[in-house]
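Notes for the one structure printed next.
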Amino acid sequence: MTVVRKIKTLGLLGTGVIGGGWAARALHFGIDVIAADVKPEMEAWIRGAVANAEPALARLTCAPLPSKGVLSFTTDMRIMAERADFIQENIPEQLPLKQRMLAQVSRHAAPNVIIASSTSGLTPTDLQRDMASPERFCVAHPFNPVYLLPLVELVGGDRTAPATIEAACRFFTYIGMHALHVRREVPGHLTDRLQEAIWREILHMVNEGVATTGELDDSIIYGPGLRWAAMGTNLIYHLAGGESGMRHMLAQFGPALKWPWTKLEAPELTDSLIDRMVEGTQAQAAGRSIRELERLRDDYLVAIQQVLRQFDIGAGSTLRALEARLYKDAAAGEPAGSADAGRPLRLLTATVRPEWVDYNRHMTDFRYGQLFGDAMDALYRQVGIDEAHRSGTGRMYYTVESHLIHLGEAKVGDSLYVTTQILAVDPKRLHVFHRLHRGADDALIATGEQMHLHVDTGAARAATVDPAVQAKLDSIHRAQSGLPLPVGAGRHIGQAKA
Ligand SMILES: NC(=O)c1ccc[n+]([C@@H]2O[C@H](COP(=O)([O-])OP(=O)(O)OC[C@H]3O[C@@H](n4cnc5c(N)ncnc54)[C@H](O)[C@@H]3O)[C@@H](O)[C@H]2O)c1
């Protein structure tokens with residue numbers, strides 16, 4: 001069999017949750033889809049599922065995409081089988097039904113058309129039993145939502161040709177997936193076996209009243225779940241073993257395998273099992289020291305928590321709550337105007353993070369705006385504009401004009417601080433001048449002049465600021481009134497230097 005067929009059209013058998021997900025992913029990456037389902041009403045359903053996935057898919061990458069594929073629908077499985085270049089089966093998880101339908105489809109599809117099954121746990125040898133040209137069959141197990149999660153487990157059965165797995169791998173990679181070849185067929189493949197172990201333990205613990213479903217989910221999302229996003233249990237345990245890694249980890253925690261920490265029984269920790277675990281994790285480490293891997297882990301854990309913070313969910317909520325308290329404490333400890341009388345306010349310190357730099361290895365443009373924005377937030381908190389004030393009054397300052405002047409460079413790890421001078425304040429406008437300095441030598445890296453307008457967000461109109469806030473801003477402005485006008489204030493872009 002030669003499974004070298006250009007894949008222009010993906011055929012789907014079954015258009016429920018998983019079929020809909022496959023359709024959305026394939027169409028997005030320029031593959032036409034012909035979807036077949038026994039129920040005619042599934043046409044509206046799959047079109048809705050594709051539309052629903054689109055906003056998230058559109059944000060996945062900014063890279064240029066081919067023009068979208070075209071979706072068609074049929075209740076006639078034969079039409080789908082005759083037109084498709086690759087067929088993905090997604091009907092209910094029942095072996096006799098899948099066997100019957102796969103056999104039928106295989107009789108209408110050309111022999112060089114790969115037929116794959118989304119089965120969560122049935123084995124390919126069983127599924128391909130009655131098929132014509134069974135060598136072109138494999139399991140291709142995706143994860144919900146198929147259009148966003150890249151993993152697809154590829155499993156061949158006794159009669160699957162290696163070329164089928166290779167060609168399926170190429171196709172799934174083309175549509176943005178990570179194809180994981182499961183070398184030996186086992187019920188549940190790899191991922192569902194791991195998920196199932198946790199799932200059964202959860203059911204035991206809920207059943208025995210040890211914990212609620214919420215507590216058990218918390219035990220994942222605030223801890224191991226964050227690590228699992230980029231390192232699996234094995235590499236994580238390799239790091240848990242200190243400098244000598246997995247071998248030390250197994251020596252230390254080996255005896256615990258006999259303790260009743262789970263209902264699932266552990267295998268005997270033989271020397272050969274220990275060697276396999278050590279060799280496996282050393283291969284994963286690929287020459288990187290524990291220290292290096294720890295830094296990598298720490299960097300992605302910071303990045304993940306920063307992202308979750310935007311959504312105010314899980315570990316991101318914890319970080320948000322911590323920051324709110326820290327800002328509040330800092331504002332309470334520094335009465336407005338007093339500590340910095342006669343000097344610009346020192347409002348913010350920050351360290352340049354690895355993800356803040358561009359290809360020059362210097363801090364990228366928009367991070368300057370972010371730092372000046374964060375300095376303004378600190379100023380607002382000092383004068384009484386916090387989350388409670390914003391939601392209570394529906395009023396806040398908007399930045400309406402900014403002028404950034406770059407004077408130096410900031411590199412990864414540089415410690416920076418921002419000072420702010422109020423140039424003018426009235427009931428609706430706040431005119432400020434920020435300076436960004438490098439902590440090590442106080443060098444001036446950039447300045448930012450901004451005009452902020454106080455706005456009633458409901459009415460979308462300028463509105464006067466709360467008198468108590470205005471009084472605090474006035475007091476800072478008065479305290480700074482002896483300062484000279486900063487060099488660069490009022491300058492326009494391209495203006496010759498004096
Ligand atoms: N839901 C998940 O999270 C998930 C994840 C990975 C894999 N899977 C696997 O994907 C497969 C489908 O699961 P699902 O959740 O999409 O199920 P689903 O019930 O949402 O969809 C099944 C679809 O198949 C259709 N169907 C039934 N018999 C048919 C036939 N003879 N011909 C054509 N269409 C037929 C049904 O009308 C329905 O639209 C299962 O094998 C499941 O194990 C599911």
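Quick note: the sequence shown uses this note's numbering, first residue 1, plus one each step. Note that CB positions come from ideal geometry on N, CA and C, so glycine has one too.
Within 7 Å: the Cβ of residue i and any heavy atom of ligand 1?
i, result
"Ala-44", "no"
"Gly-19", "yes"
"Pro-142", "yes"
"Asn-360", "no"
"Glu-82", "no"
"Ala-36", "yes"
"Met-131", "no"
"Glu-401", "no"
"Ile-91", "yes"
"Met-101", "yes"
"Ser-118", "yes"
"Met-77", "yes"
"Leu-13", "yes"
"Lys-39", "yes"
"Gly-16", "yes"
Quick check: the Cα distance between residue i and residue j, rounded to an integer number of angstroms?
i, j, result
"Asn-112", "Gly-373", "59 Å"
"Val-182", "Leu-348", "51 Å"
"Val-33", "Val-17", "15 Å"
"Gly-413", "Leu-473", "33 Å"
"Thr-119", "Thr-447", "59 Å"
"Leu-95", "Glu-89", "12 Å"
"Ile-114", "Val-139", "11 Å"
"Gly-21", "Arg-276", "37 Å"
"Ser-117", "Gly-241", "39 Å"
"Ile-202", "Asp-218", "12 Å"
"Thr-212", "Thr-464", "50 Å"
"Ala-251", "Lys-328", "46 Å"
"Glu-323", "Gly-314", "15 Å"
"Ser-338", "Tyr-380", "Because the pLDDT of Ser-338 is 46, which lies under 50, any placement of that residue in the model is unreliable, and the number read from its coordinates should be weighed accordingly. Approximately 16 Å, taken between the alpha carbons."
"Ile-405", "Val-152", "49 Å"
"Ala-103", "Asn-144", "26 Å"
"Tyr-368", "Arg-435", "10 Å"
"Ala-336", "Thr-420", "Low local confidence applies: a pLDDT of 48 at Ala-336 is under 50, so the model's placement there is unreliable, with the coordinate-based value given in what follows. Taking the straight line from one Cα to the other gives about 13 Å."
"Ile-31", "Thr-262", "45 Å"
"Val-357", "Gln-370", "13 Å"
"Ser-73", "Thr-173", "The amino acid at residue 73 is misidentified as Ser; the sequence shows Phe. Looking at the two C-alpha atoms, the distance is approximately 25 Å."
"Val-487", "Val-455", "29 Å"
"Ala-77", "Ala-84", "For the sequence presented, residue 77 should be read as Met rather than Ala. One C-alpha to the other measures close to 11 Å."
"Arg-309", "Arg-390", "19 Å"
"Glu-355", "Thr-318", "22 Å"
"Val-425", "His-431", "6 Å"
"Phe-86", "Gly-11", "6 Å"
"Val-155", "Ala-321", "45 Å"
"Ile-290", "Ala-256", "23 Å"
"Tyr-401", "Glu-279", "Checking the sequence shown, residue 401 turns out to be Glu, not Tyr. Between Glu-401 and Glu-279, the C-alpha separation is close to 59 Å."
"Arg-247", "Tyr-237", "10 Å"
According to DSSP, which residues form a beta bridge with residue i?
i, result
"Cys-138", "Ala-116"
"Lys-411", "His-362"
"Asp-456", "Arg-395, Arg-461"
"His-437", "Tyr-417, Leu-444"
"Val-432", "Ile-422, Gln-450"
"Arg-346", "Thr-419"
"Glu-89", "Leu-13, Ser-117"
"Thr-351", "Ser-415"
Going by alpha carbons, who is nearest to residue i out of the options?
i, options, result
"Ser-106", "Phe-137, Gly-488, Ala-375", "Phe-137"
"Leu-408", "Asp-218, Gly-490, Leu-416", "The sequence given here places Gly at residue 408; Leu does not occur at that position. Nearest of Asp-218, Gly-490, Leu-416 to Gly-408, Cα basis: Leu-416."
"Ser-499", "Ala-496, Trp-261, Arg-343, Ile-405", "Residue 499 cannot be examined here, being either before or after the span of the chain that is shown, 1 to 498."
"Val-186", "Gly-225, Ala-459, Gly-157", "Gly-157"
"Pro-467", "Ile-422, Ile-385, Ala-496, Thr-399", "Ile-385"
"Pro-162", "Leu-235, Pro-134, Val-418, Met-363", "Pro-134"
"Thr-233", "Pro-267, Ser-272, Arg-297, Val-206", "Arg-297"
"Thr-392", "Thr-457, Ala-303, Gly-69, Ala-53", "In the sequence as presented, Thr is not what sits at residue 392; that position holds Gly. Nearest of Thr-457, Ala-303, Gly-69, Ala-53 to Gly-392, Cα basis: Thr-457."
"Pro-267", "Val-278, Gly-14, Gly-254", "Gly-254"
"Val-418", "Leu-154, Gly-14, Met-376, His-389", "Met-376"
"Gly-394", "Arg-325, Ala-462, Gln-382, Arg-5", "Ala-462"
"Glu-54", "Lys-39, Trp-45, Arg-25, Glu-82", "Arg-25"
"His-403", "Ile-445, Glu-449, Ala-388", "Glu-449"
"Leu-423", "Ala-81, Leu-483, Thr-364, Ala-410", "Leu-483"
"Asp-365", "Ile-445, Leu-235, Gly-14, Gln-128", "Ile-445"
Would you verify that the beta carbon of residue i is, or is not, closer than 8 Å to some beta carbon of chain C?
i, result
"Leu-322", "No chain C appears in this structure, which consists of one protein chain only."
Original post:
Of all the alpha helix (DSSP H) runs that stay within the bounds of the stretch 265-300, which reach a length of 4 or more residues?
Top reply: 271-285
**OP:** Entirely within the stretch 19-68 and at least 4 residues each: give me those alpha helix (DSSP H) ranges in chain order.
**Re:** Positions of the alpha helix (DSSP H) runs, each at least 4 residues long and wholly inside the stretch 19-68, are given as 42-60 in order along the chain.
Original post:
Can you list the beta strand (DSSP E) stretches of 3 or more residues lying completely in the stretch 367-417, in chain order?
Top reply: 395-406
Subject >> Minimum length 4: unbroken alpha helix (DSSP H) runs contained in the stretch 151-232 >> reply: 162-174, 191-207, 213-221, 224-228, all fully within the stretch 151-232.
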